[in-house]
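K.L.:
Numbering (our numbering), first residue to last: 33 to 302. We put the CB at the ideal spot given by N, CA and C, even for glycine.
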Ligand code: DGL
């Protein structure tokens with residue numbers, strides 16, 4: 033049986049998922065976080081579905097061994113490709129959540145309206161077609177247009193934010209024909225919340241920018257409350273594991289988490 037004092041496990045292909053961890057920490061300050069960034073296999077966006085499933089399952093097992101009550105797949109590429117597989121392997125030993133479903137759920141307010149929804153993400157996320165499939169199956173009234181924007185991740189990781197270079201890249205992607213006339217844009221990648229303001233500004237704040245980090249934190253909160261699994265004690269001790277440690281990863285944590293965190297080396301291969 034799951035207990036409230038157990039930690040929340042969160043994983044991503046790297047440290048970008050710290051945007052999701054940060055949103056969870058802000059909303060649920062009593063919860064203990066166990067983060068795993070698979071920096072050894074980064075980026076997932078260009079990998080074969082088979083590899084992404086394999087890595088995701090091994091990481092979920094790692095988090096389960098560390099007693100996670102919930103496993104949040106913060107990585108959009110992993111959520112799009114490996115969610116069913118992870119859920120199948122974990123069964124009822126922990127609650128498994130992904131970052132796609134809370135977005136789909138948030139669109140239900142549009143269910144009687146005509147809208148065109150833009151989605152941007154890695155090649156893996158977009159090629160999986162998970163967004164068009166899930167959106168169209170629930171809301172036939174919505175049109176979906178998805179675009180792979182692979183340059184955005186390395187650009188953000190290298191610190192090109194709110195400058196000439198990022199502006200040129202954003203202008204070029206968002207100017208694509210397929211994204212014309214959208215009313216909403218889904219930031220379907222861990223890194224994109226960091227350029228949310230620039231994206232909103234591109235559309236002169238006329239397009240609603242959907243940030244999954246906030247949506248997923250809300251889902252974790254409601255899931256825990258529903259199941260009576262909210263941690264009561266305060267002052268949790270968080271742990272942040274990576275499969276490949278470098279000083280540069282540690283330095284970048286400030287960027288994604290809002291403060292620098294100490295990274296520990298963790299291995300998913302037993
Ligand atoms: N974390 C990945 C995602 O959200 C982006 C980085 C990668 O390609 O691994 O899709």
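Less than 8 Å separating the Cβ of residue 75 from some heavy atom of the ligand DGL?
P.N.:
Checking every heavy atom of the ligand DGL against the Cβ of residue 75, one is found closer than 8 Å.
K.L.:
What does a CB cutoff of less than 8 Å around residue 192 pick up in its chain, not counting 5 residues either side in sequence?
P.N.:
If we look at residue 192 and ignore the five residues flanking it on each side, its Cβ neighbours are 198 and 201.
K.L.:
Residue 105: buried (16+ other C-beta within 10 angstroms of its C-beta) or exposed?
P.N.:
Flag for residue 105 reads buried.
K.L.:
Counting only runs of 4+ residues fully inside the stretch 42–91, write out the alpha helix (DSSP H) ranges in chain order.
P.N.:
Fully enclosed alpha helix (DSSP H) runs of 4 or longer: 50–59.
K.L.:
Roughly how many angstroms separate the alpha carbons of residue 184 and residue 225, rounded to a whole number?
P.N.:
Residue 184 and residue 225: Cα-Cα distance of roughly 11 Å.
K.L.:
Hey, how far is the Cα of residue 57 from the Cα of residue 207?
P.N.:
So the two alpha carbons sit approximately 35 Å from each other.
K.L.:
What residue range does the alpha helix (DSSP H) around residue 187 cover?
P.N.:
Its alpha helix (DSSP H) spans residues 184–189.
K.L.:
Identify whether residue 122 lies in helix, strand or coil by the three-state DSSP scheme.
P.N.:
If DSSP states are grouped into helix, strand and coil, residue 122 belongs with the helices.
K.L.:
Quick check on the burial criterion: 16 or more other C-beta atoms within 10 angstroms. Buried or exposed for residue 107?
P.N.:
When all chains shown are included, residue 107 counts as buried.
K.L.:
Of all the alpha helix (DSSP H) runs that stay within the bounds of the stretch 203–246, which reach a length of 4 or more residues?
P.N.:
List check, alpha helix (DSSP H) in window: 228–234.
K.L.:
Decide if the stretch 170–180 is in contact with the stretch 258–267; the criterion is three or more beta carbon pairs, one per stretch, under 8 Å apart.
P.N.:
Too few Cβ pairs lie closer than 8 Å, so no.
K.L.:
Assuming residue 127 and residue 99 form a contact by the criterion Cβ under 8 Å, report the distance between their Cβ atoms to the nearest whole angstrom.
P.N.:
No, residue 127 and residue 99 are not in contact; Cβ-Cβ is about 13 Å, not under 8 Å.
K.L.:
At what residues does the alpha helix (DSSP H) containing residue 169 begin and finish?
P.N.:
That run of the alpha helix (DSSP H) goes 162–170.
K.L.:
Does the beta carbon of residue 285 fall short of 8 Å from some heavy atom of the ligand DGL?
P.N.:
Incorrect: residue 285 has no Cβ contact closer than 8 Å to the ligand DGL.
K.L.:
I'd like to know whether the C-beta atoms of residue 34 and residue 66 end up nearer to each other than 9 Å.
P.N.:
Result no, Cβ atoms of residue 34 and residue 66 do not sit closer than 9 Å.
K.L.:
Let's test the definition: count the other Cβ atoms within 10 Å of the Cβ of residue 48 and tell me whether it reaches 16, buried, or not, exposed.
P.N.:
Residue 48 comes out buried.
K.L.:
Check this for me: beta carbons of residue 286 and residue 294, under 9 Å apart or not?
P.N.:
Not closer than 9 Å, so no.
K.L.:
Name the residue from 212, 205, 247 and 252 whose alpha carbon lies nearest to the alpha carbon of residue 230.
P.N.:
It is 205 whose Cα lies nearest to the Cα of residue 230.
K.L.:
Are the Cβ atoms of residue 4 and residue 54 separated by less than 9 Å?
P.N.:
The chain is shown only over 33 to 302; residue 4 falls outside these bounds and no answer can be derived.
K.L.:
Where residue 39 and residue 103 are concerned, what is the direct C-alpha to C-alpha distance, given to the nearest angstrom?
P.N.:
If I take the Cα positions, the gap works out to 9 Å.
K.L.:
Helix, strand or coil: which one does DSSP assign to residue 140?
P.N.:
Looking at residue 140 - three-state DSSP - the assignment turns out to be helix.
K.L.:
Decide if residue 263 is buried, meaning its Cβ has at least 16 other Cβ atoms within 10 Å, or exposed.
P.N.:
Buried is the call here.
K.L.:
Look at residue 162 and residue 132 and say whether their C-beta atoms are less than 9 Å apart.
P.N.:
Contact: yes.
K.L.:
Pull the bridge partners of residue 180 from the DSSP assignment, please.
P.N.:
Note: residue 180 sits in a beta bridge opposite 153.
K.L.:
So is the beta-carbon of residue 220 under 8 Å away from any non-hydrogen atom of the ligand DGL?
P.N.:
Under cutoff, so the answer is yes.
K.L.:
How close, in whole Å, do the beta carbons of residue 112 and residue 160 come, if the pair is a contact with beta carbons under 8 Å?
P.N.:
Right, the Cβ-Cβ distance comes to about 4 Å (below 8 Å), so this counts as a contact.
K.L.:
In whole angstroms, what is the alpha-carbon distance linking residue 91 and residue 110?
P.N.:
In a straight line, the C-alpha of residue 91 is about 11 Å away from that of residue 110.
K.L.:
Based on Cα-Cα distance, which residue from 134, 179 and 174 lies nearest to residue 242?
P.N.:
When only C-alpha atoms are compared, the closest one is 134.
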